[in-house]
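> Take a look at the following structure, please.
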Amino acid sequence: MSQDQSASYKPTLNLPQTEFPMRADLVKREPVRLKHWESHDLYRRIVDRRKAAGGEDFILHDGPPFANGDVHMGTALNKVLKDLVIKSRTMAGYHCPYIPGWDCHGLPIEFKVVKESRGLEPAEIRRRSEAFAREYIDIQRESFRRLGVFGDWEHPYLTLAPEYEADIIRVFATFVEKGLVYQSKKPVLWSYGAQTALAEAEVEYEDRKDPAIFVKFPITSGDLAGKSSLVIWTTTPWTLPANLGIALHPQFTYLQGEFTHAEDGRRENLVVVKELLEAFTEKTGFAQTGDLAEFKGEALVGATAQHPFLDRQSKVILADFVTTETGTGAVHIAPGHGADDYRAGQENDLGLLSPVDDAGNFTEEVGLDFLVGKHVFDANGPIIKLLAEKGALIGKENYQHSYPHCWRSKTPIIFRSVPQFFIRIYDLRQTALEEIDRVQWLPHWGRNRIYGTVESRPDWCISRQRTWGVPLPVFYPADDPENPLIDADLARKVAELTETGGTNLWFEKDDAWWCEQLGLPAGTKRGHDTLDVWIDSGSSHVAVMDRHPELHTPADLYLEATDQHRGWFQSSLMVSVAVRDKAPYKAVLTHGFVVDQDKKKLSKSEAEKAGKPIDAKHFYEKYGADILRLWVSSVDWQNEVPFGEDLFKQTTEPYRRFRNVLRILLANLYDFDPDQDAVADEALTPIDRWILERLHDVIAECRAAYADYEFRKVFNTLNQFCAVDLSALYVDITKDRMYCDAADSPRRRASQTAMHRVFDALARLLAPILAYTADEAWEFASHSESVHLETFPEPDPAFAGAEATGQVSQFERLRDTAQVAIDEAIKAGKFRKRERASLEIALPADDSARSLLGDHREQALEFLMVSDFFLVDGDELKISVAETDHAECPRCRRSLPVGENPDHPELCGRCAEVIAGLA
RNA sequence: GGGUCUGUAGCUCAGUUGGUUAGAGCACACGCUUGAUAAGCGUGGGGUCACAGGUUCGAAUCCUGUCAGACCCA
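In our numbering, the protein residues as written are 1344 to 2262.
Below you can see the structure in the form of structure tokens.
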């Protein structure tokens, strides 16, 4: 047989035909499809269609990303996961409106704006901050759309919108109404140079030399009362006037006994932590001269000690943050001058002192006349001198350390307490904890995370000394400027004005204007604080879900990264419990962070330095959005998500398989009209039944996996189905009948019937993930409407059984064994193509495969893709291979008996019949 | 230091209530096909299931401890 002879029969075959391109060209094609979707208002039509069909609501409430920076892979992961939920729930029949939002206020934006040009008026800072936010909203929105995320992109919610701002203020009013808001002092990072509070981000670290001193506090109560003294170590002597406590570590071992100074012979009975005994001696000159008693830190709890120069007792408390790195293991606690100190002070009821004014000078509260009006850093010397005079100074050294400085004025930072506003958590906590247990947490351990935070969180500090935010609507009367008016009705009036004018009015109009508007006595001044931005986003269930006509509370799902247990999930819960005594969500899903390939934290600047892009744009512009979406679907979102370009590229292979499988199915269906050509279920051949039985399971598994947000399981199931069942088996085996049978042979039509169902189901099941590709394939299957308007396939109960599957797995066993033998025969040079093989199959007499091979010879030949086989007896399955005697039919290239038909002596029986039919 | 979680092939992952020889895909090597062709098919190497104990007739799976990593808290 010659190549020519074979080629001459080519026109008589039913070779696959399709225009669906093999090459995806996603980078070019996706934007075109996106434009088409948007010009046809696809999102709106999907939502309307589900609503018209009476679909149950499913509300995924979008957590607003910060409008700052480009969309990186972490943001993309979050948004695509949300989209997978929306699309899969929609295709499961739910009505799923999706209103995306952005978090607009806050320090990172203000910081950038102010850094660009310093010394701006508040109103100008706000104008520029808004412009900045809007710029990034547009950038991010373009990325999200390009990723194929469906939603109401024309009408997102923005926390800077006047209506939204008004609702934030109303939420504040509700807090006030319920008696939850109070004012108290709390330490903040304070720049006396700029006379303002700073945020962490505005602090620069520089080396600085400070005197570090050892100070004794004689113990005045407990077992050691009058016998010994605690020694503290501090680099900020100026905070000693505000000392209210001394912290020990509960588990550390402390030593108590007599110490003598090496030079002057001074004797002291002191308490020092064991690990630092040597260092203490070295630095102070005091060495142990008597027996030392040992005890754990917790033994001293509740004792008191005499303040070295004020008529006051300091409480001995326990704290975990005490270390043995430097000092004495006894930490000076000034709750007004440090974050740890503040918390320790709260927990132990120490009270709070912060006798320092805006300029960094001591106030009268300091308690020592000679210090009043003195700058704190000028007071170190005099305080040390005083300590020495009182005999409280045990040692002194110069200490060089890295110390925070103001990025604007370059002056060193001090911790100083200023009045702040708080929400009393005590009144909300119990309800919040009960609500946590009514919510479904995914993964389940999320429950413990948020429960722990809510259980232990202190009162919520809601005031910020910032400009780019929603004003905290309080007022200071002219005659009593220390006591602000915290009033719900006033706040509501401010909200009314904000509803139309935005909160810029607060910064642009003067006090006189506000007094007139609100009916306040002349001379009343408004406050200068803004609200914590967690109030902004935490109010979204009020400002968005309660207000938006398509939405309602509680949401069915919140879906964010795991850090939001402490962030948005918690702030939303607290606000919701305050306004409606209920959680704002029924279920909360958290995913891990995107991390480096070796599971190290992924920082943007480092990644860029290393030439490892992490911007989503890089990936959808290089590989296409569908590859990115497929990557998201393949990932284990419960834990950290390792990411790198190499890992990412691994998903291109499954993508190509999905695409090629869709393509070959389409191509095999080019002449198939389901209405005309489909065969009845009973007319399907066993292998068709088998693939439909497999499809039944695949549909059921995918639907269940989608419902549980297990997209990775969908990915695995579909990938296996396409790679093993379809590509390697079904499509390969049915090639012969598809190409060589008569076009309308029952056998071919049977397979087309099955393929049609498989294609239809596969395209729908893939649609949430491969949003572009599934839609493209759907279009080539001559549908006029998008696949995204469709619903998922239902498992067909007619194929719920496994009769055909049982048969096929028998065949598979034979095929696997045969393949090894055939491969050896080919390697040994017996022949070149597996179709030339003739098998001798040895089987035990009782093997069930015997009857299968005997009764279904033709199917067996088709399945094994060989020329011939003979059955012999044997102890176990064993197959030997020889070349067949049959000639190769030039039309179908199978080696079957030829010459049965005298008109076509070179053809096999089937091909001769087909040719005869064509004439 | 505390809490939560993770640890199966070089890589990404399956592994159902404990039950035959721990499975896929990618990558690699070799072969077939040229009628899915910038495709398709096959074969092969590669695993002490992090480590050590324990429960059991039997453990990747259940229990305890150790190590490593991640996140949150401190």
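Yeah, the Cβ is synthetic: ideal placement off N, Cα and C, and Gly gets one too. Quantities reported herein were computed from a predicted structural model and do not represent experimental measurements.
Could you give the DSSP three-state label for Y1769: helix, strand or coil?
Within the first sequence, numbered from 1, the residue matching residue 1769 stands at position 426. It is helical.
> What does a CB cutoff of less than 8 Å around M1344 pick up in its chain, not counting 5 residues either side in sequence?
Taking the first residue of the first sequence as 1, we reach residue 1344 at position 1. For M1344, the predicted model reports a pLDDT of 46, less than 50, meaning its position is unreliable; a value from the coordinates is still stated below. So the list reads A2230, E2231, P2233, E2249, once near-sequence residues are dropped.
> Start and end of the alpha helix (DSSP H) containing L2109?
On the first sequence, position 766 is the one that residue 2109 refers to. Start and end: 2089–2109.
> Within 10 angstroms of its Cβ, does G1670 collect 16 or more other Cβ (buried), or is it exposed?
Counted from its first residue, the first sequence places residue 1670 at position 327. So G1670 ends up on the buried side.
> Please report the Cβ distance between T1647 and T1563, rounded to the nearest whole angstrom; I am assuming they are in contact, meaning their Cβ atoms lie under 8 Å.
Stepping through the first sequence from its first residue, residue 1647 is reached at position 304. Stepping through the first sequence from its first residue, residue 1563 is reached at position 220. Yes, T1647 and T1563 are in contact; Cβ-Cβ is about 5 Å, under 8 Å.
> Does the Cβ-Cβ distance between L1776 and E1798 come in under 8 Å?
As a working mapping, residue 1776 is identified with position 433 in the first sequence. As a working mapping, residue 1798 is identified with position 455 in the first sequence. Result yes, Cβ atoms of L1776 and E1798 sit closer than 8 Å.
> When DSSP labels each residue in this structure, what does R2305 get in the three-state scheme?
The structure shown has nothing for residue 2305, since the chain only spans 1344 to 2262.
> Apart from the five residues on each side of it in sequence, which residues of its chain come closer than 7 Å, Cβ to Cβ, to T1754?
The sequence position of residue 1754 within the first sequence is 411, counting from 1. Closer than 7 Å at the Cβ level, and outside the excluded window around T1754, lie S1534, Y1535, G1536, H1748.
> Rounded to whole angstroms, what is the Cα-Cα separation between F1623 and S1760?
Stepping through the first sequence from its first residue, residue 1623 is reached at position 280. Stepping through the first sequence from its first residue, residue 1760 is reached at position 417. Approximately 32 Å, taken between the alpha carbons.
> Label K2170 either buried or exposed according to how many other C-beta atoms from any shown protein chain fall within 10 Å of its C-beta, with 16 as the threshold for buried.
The residue labelled residue 2170 in the question sits at position 827 within the first sequence. The residue in question, K2170, is exposed, as its Cβ has fewer than 16 Cβ neighbours within 10 Å.
> Does the distance from the C-beta atom of T1905 to that of G1812 stay below 8 Å?
Sequence index remark: in the first sequence, residue 1905 carries index 562 (1-based). Sequence index remark: in the first sequence, residue 1812 carries index 469 (1-based). Their beta carbons are not under 8 Å apart, which means T1905 does not touch G1812 by this criterion.
> Provide the residue span of the alpha helix (DSSP H) that contains E1453, from first to last.
Looking up residue 1453 in the first sequence gives position 110. Element bounds for E1453: 1450–1459.
> Put M1344 into one of helix, strand or coil per three-state DSSP.
Within the first sequence, residue 1344 is the residue found at index 1, counting from 1. Bear in mind that the predicted position of M1344 carries a pLDDT of just 46, short of 50, making it unreliable; the figure below should be weighed with that in mind. Correct three-state label for M1344: coil.
> Assign G1569 to buried or exposed, taking buried as 16 or more other Cβ atoms, counted over all protein chains shown, within 10 Å of its Cβ.
As a working mapping, residue 1569 is identified with position 226 in the first sequence. So G1569 ends up on the exposed side.
> What is the DSSP secondary structure of C2251, reduced to helix, strand or coil?
The residue labelled residue 2251 in the question sits at position 908 within the first sequence. In the structure shown, C2251 sits in a strand (DSSP, three-state: E or B).
> To the nearest angstrom, how far is the alpha carbon of I1512 from that of W1380?
The sequence position of residue 1512 within the first sequence is 169, counting from 1. The sequence position of residue 1380 within the first sequence is 37, counting from 1. C-alpha separation (whole angstroms): 38 Å.
> Under the three-state reduction of DSSP, which class applies to F1705: helix, strand or coil?
Residue mapping note: residue 1705 aligns to position 362 of the first sequence, counting from 1. DSSP places F1705 in strand when its eight states are reduced to three.
> Classify F2142 as buried or exposed, calling it buried when 16 or more other Cβ atoms lie within 10 Å of its own Cβ.
Here residue 2142 refers to the residue found at position 799 of the first sequence. By the neighbour-count rule (16 or more Cβ atoms within 10 Å), F2142 is buried.
> For N2011, which residues of its own chain have a beta-carbon under 6 Å away from its beta-carbon, when the five flanking residues on both sides are left out?
Taking the first residue of the first sequence as position 1, residue 2011 is located at position 668. Within the same chain, N2011 has close Cβ partners P1359, M2081, M2098.
> On the DSSP bridge list, what partners appear for K2078?
Within the first sequence, the letter at position 735 stands for residue 2078. In the DSSP output, where bridge partners are listed per residue, K2078 has none listed.
> Where does P1985 sit, in a helix, a strand or coil, going by DSSP?
Along the first sequence, read from residue 1 onward, the residue named residue 1985 stands at position 642. In the structure shown, P1985 sits in a strand (DSSP, three-state: E or B).
> Rounded to the nearest angstrom, what separates L2072 and N1982 at their Cα positions?
As a position in the first sequence, residue 2072 is number 729, starting the count at 1. As a position in the first sequence, residue 1982 is number 639, starting the count at 1. When rounded, the distance between both Cα atoms is 35 Å.
> Figure out for me which residue from K1521, L1501, Y2115 has the closest Cα to the Cα of Y1998.
For this step, residue 1998 is matched to residue 655 along the first sequence. Considering only alpha carbons, the answer is Y2115.
> For N1741, does the three-state DSSP call read helix, strand or coil?
Position 398 of the first sequence holds residue 1741. DSSP places N1741 in strand when its eight states are reduced to three.
> What's the C-alpha gap between L2220 and I2184?
Looking up residue 2220 in the first sequence gives position 877. Looking up residue 2184 in the first sequence gives position 841. Answer to the nearest angstrom: the Cα atoms are 7 Å apart.
> Would you call D1780 buried or exposed, if buried means 16 or more other Cβ atoms sit within 10 Å of its Cβ?
To locate residue 1780, count along the first sequence from 1; it is residue 437. Looking at its Cβ environment, which holds fewer than 16 other Cβ atoms inside 10 Å, D1780 is exposed.
> Given H1539, which residues of its chain have a CB within under 7 Å of its CB, disregarding the five upstream and five downstream residues?
Start at 1 with the first residue of the first sequence, and residue 1539 comes out as number 196. Here the sequence assigns Thr to residue 1539, which means His is not the residue at that position. So the qualifying residues of the chain are Q1808.
> Taking only runs that begin and end inside the segment 1986–2039, name each unbroken alpha helix (DSSP H) of 4 or more residues, in chain order.
Here the runs fully enclosed are 1988–1992, 1995–2011, 2017–2020.
> Please name the residue or residues paired with P1561 in a DSSP beta bridge.
Sequence index remark: in the first sequence, residue 1561 carries index 218 (1-based). According to DSSP, P1561 bridges with S1572.
> Kindly indicate which residue of F2174, I2258, V1984, Y1525 has the alpha-carbon position closest to the one of I1805.
Indexing the first sequence from 1 puts residue 1805 at position 462. Cα-wise, what sits closest to I1805 is Y1525.
> Give me the Cα-Cα distance between F1515 and P1827, rounded to the nearest whole angstrom.
Locating residue 1515 in the first sequence gives position 172, counting from the first residue. Locating residue 1827 in the first sequence gives position 484, counting from the first residue. Whole-angstrom Cα-Cα distance: 15 Å.
> State the DSSP-derived secondary structure class of R1790, mapped to helix, strand or coil.
Against the first sequence, residue 1790 aligns to sequence position 447. Helix.
> Tell me where the alpha helix (DSSP H) around H1934 begins and ends.
In the first sequence, counting from the first residue as 1, residue 1934 sits at position 591. Note, H1934: premise wrong, no alpha helix (DSSP H); beta strand (DSSP E) at 1930–1934.
> Grouping DSSP H, G and I as helix and E and B as strand, with all else coil, what is L1591?
Taking the first sequence and counting its residues from 1, one reaches residue 1591 at position 248. Strand.
> Please report how far the alpha carbon of Y1495 lies from the alpha carbon of P1440, in whole angstroms.
Here residue 1495 corresponds to residue number 152 of the first sequence, with the count starting at 1. Here residue 1440 corresponds to residue number 97 of the first sequence, with the count starting at 1. According to the sequence displayed, residue 1495 carries Asp and not Tyr. Going from the Cα of D1495 to the Cα of P1440 covers about 8 Å.
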